[in-house]
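First up is the structure itself, then whatever we jot down about it.
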Amino acid sequence: LTGKTDGSPGKMSLVVQDAFIIHGKRYSGRQKREKSLPAMVVGRKDLAAIYYAVEQGTMLYIYR
6 LTGKTDGSPG KMSLVVQDAF IIHGKRYSGR QKREKSLPAM VVGRKDLAAI YYAVEQGTML
66 YIYR
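Per my numbering, the sequence shown starts with residue 6, numbered consecutively.
Here's what the structure looks like:
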């Protein structure tokens with residue numbers, strides 16, 4: 006995890022290196038460098054759980 010954007014539930018996001026961004030369904034705050042990244046969209050409660058469980062620098066494993 007290389008970046009976290011804090012804010013209201015509609016503005017939270019997690020950036021994983023330069024690979025992709027994780028955000029909620031109503032995310033509207035993409036920054037300039039994030040616009041070219043593919044996005045993984047998750048529900049508001051799931052995003053909040055992930056957001057508060059990890060810190061910047063944490064290694065993430067994503068399973069489908």
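Positions of the beta carbon are idealized from the N, C-alpha and C atoms, including for glycine.
Taking residue 26 as part of the beta strand (DSSP E), name the residues at either end of that continuous run.
What you label residue 26 is simply residue 21 of the sequence shown in a count that begins at 1. From DSSP, the beta strand (DSSP E) with residue 26 extends over 25–29.
Going along the chain, which residues of its own chain have a beta-carbon closer than 8 Å to the beta-carbon of residue 61, five neighbours each way excluded?
Position 56 of the sequence shown, counted from the first residue, corresponds to residue 61. Cβ within range, chain order: 6, 7, 8 and 9.
Just to check my reading of the structure: residue 46 and residue 30 have Cβ atoms closer than 8 Å, yes? What is that Cβ distance to the nearest angstrom?
Locating residue 46 in the sequence shown gives position 41, where the first residue counts as 1. Locating residue 30 in the sequence shown gives position 25, where the first residue counts as 1. Between residue 46 and residue 30, the beta carbon gap of about 6 Å places them in contact (Cβ cut-off 8 Å).
Helix, strand or coil, according to DSSP, for residue 19 in the structure here?
The count along the sequence shown starts at 1 and reaches residue 19 at position 14. Three-state DSSP puts residue 19 in a strand.
Own chain residues within Cβ distance below 7 Å of residue 41, not counting five before or after:
Counted from its first residue, the sequence shown places residue 41 at position 36. None.
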